[in-house]
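Enquirer: The numbering used here puts the sequence shown at residues 944 to 1099. Built from N, CA and C at the ideal position, the CB exists for glycine as well. It should be emphasised that the depicted structure is a prediction, and the values quoted were computed from it without experimental measurement. Structure below; questions to follow.
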Amino acid sequence: MPISAAGNKREAGFTLVELMVVVTIIGLASAVAVLVMPDPRGRVLDEATRFALRTRAAHDSAIVEARPVSVWISGGGYGFDRRLAGGWTPIAEKPMRVERWNEGTRASIGDNSGRMRVTFDPTGLVDRPAEIRLDRGGVAATVHIDADGSVRADAG
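This is the structure we're talking about:
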């Protein structure tokens, strides 16, 4: 008959190794969740960059076509026009169609009329420099249109 001081009964519970494996799995899952979550700053900066690139395309179009092209900006969105037969005609091509700002985005254009127009002449220069500030959820991005026709988007 076997006799043991500690007994043969195994204690119920988890080992340290098992607990460390579970903690590691939870940590990895949390890291993946954080990486997948959208960054509000990135989204408003992405929207500003998209607007800046389209505005740069309007600049290039004015030079290539040798005719004025303008971008209009309002609180609700933006669009592009081309000067034809003494008047402004909306551009229907896909990269320069009228676009609305994303949900929750507010555009500050610094113009009391609620709508601003910046015109690129056939040499690529603008009639007036502009700064368009986009705000969403306390995060901002600014698009600069300089007198020489350069366009850039910055955070803040």
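Below 8 Å on the Cβ atoms is my contact criterion, and I expect V1086 with A995 to pass it. Report the Cβ-Cβ distance as a whole number of Å.
Expert: About 5 Å separates the two Cβ atoms, so the contact holds.
Enquirer: Can you find the residues in the same chain that come closer than 7 Å, C-beta to C-beta, to T1062, ignoring five residues on each side of it along the sequence?
Expert: Here the set comprises P1011, S1013, V1069 and D1070.
Enquirer: Look at the alpha carbon of T992 and the alpha carbon of R1095, and state the distance between them as a whole number of angstroms.
Expert: If I take the Cα positions, the gap works out to 7 Å.
Enquirer: Return the chain-ordered list of same chain residues with a C-beta closer than 8 Å to the C-beta of G1144, the five sequence neighbours on each side being excluded.
Expert: The displayed coordinates of the chain run from 944 to 1099. Any statement about residue 1144 would go beyond what the structure contains.
Enquirer: Report the rounded CA-to-CA distance for G1030 versus V979, giving the unit in angstroms.
Expert: The straight-line gap from Cα to Cα measures roughly 47 Å.
Enquirer: Could you tell me if G1047 is buried or exposed, where buried requires 16 or more neighbouring beta carbons within 10 angstroms of its beta carbon?
Expert: Counting Cβ neighbours within 10 Å, G1047 comes out exposed, since fewer than 16 surround it.
Enquirer: At 3 residues or longer, what runs of the beta strand (DSSP E) sit wholly inside the stretch 974-1054?
Expert: Whole beta strand (DSSP E) segments, 3+ residues: 1012-1017, 1020-1027, 1030-1033 and 1049-1051.
Enquirer: Can you tell which of G1081, R1076 and G1067 has the C-alpha that lies nearest to the C-alpha of A1005?
Expert: Among G1081, R1076 and G1067, the Cα nearest to that of A1005 belongs to G1067.
Enquirer: Going by DSSP, what residue range makes up the beta strand (DSSP E) through D1078?
Expert: A1073 to R1079 is the extent of the beta strand (DSSP E) around D1078.
Enquirer: Between G1099, D1091, V960 and A974, which lies nearest to D1064 when the distance is taken from Cα to Cα?
Expert: Out of G1099, D1091, V960 and A974, D1091 has the C-alpha closest to the C-alpha of D1064.
Enquirer: For a quick check, are the C-beta atoms of L988 and A1050 less than 8 Å apart?
Expert: Taking 8 Å as the Cβ cut-off, L988 and A1050 do not qualify as a contacting pair.
Enquirer: Here's the rule I'm using: 16 or more other beta-carbon atoms within 10 Å means buried, otherwise exposed. How should R1058 be labelled?
Expert: By the neighbour-count rule (16 or more Cβ atoms within 10 Å), R1058 is not buried but exposed.
Enquirer: G1018 to E1036, Cα distance in whole Å?
Expert: Straight-line Cα distance between these residues: approximately 22 Å.
Enquirer: Considering only the beta carbon of each residue, do I1052 and P1072 sit closer than 8 Å?
Expert: No; because the gap between Cβ atoms is not below 8 Å, this pair is not in contact.
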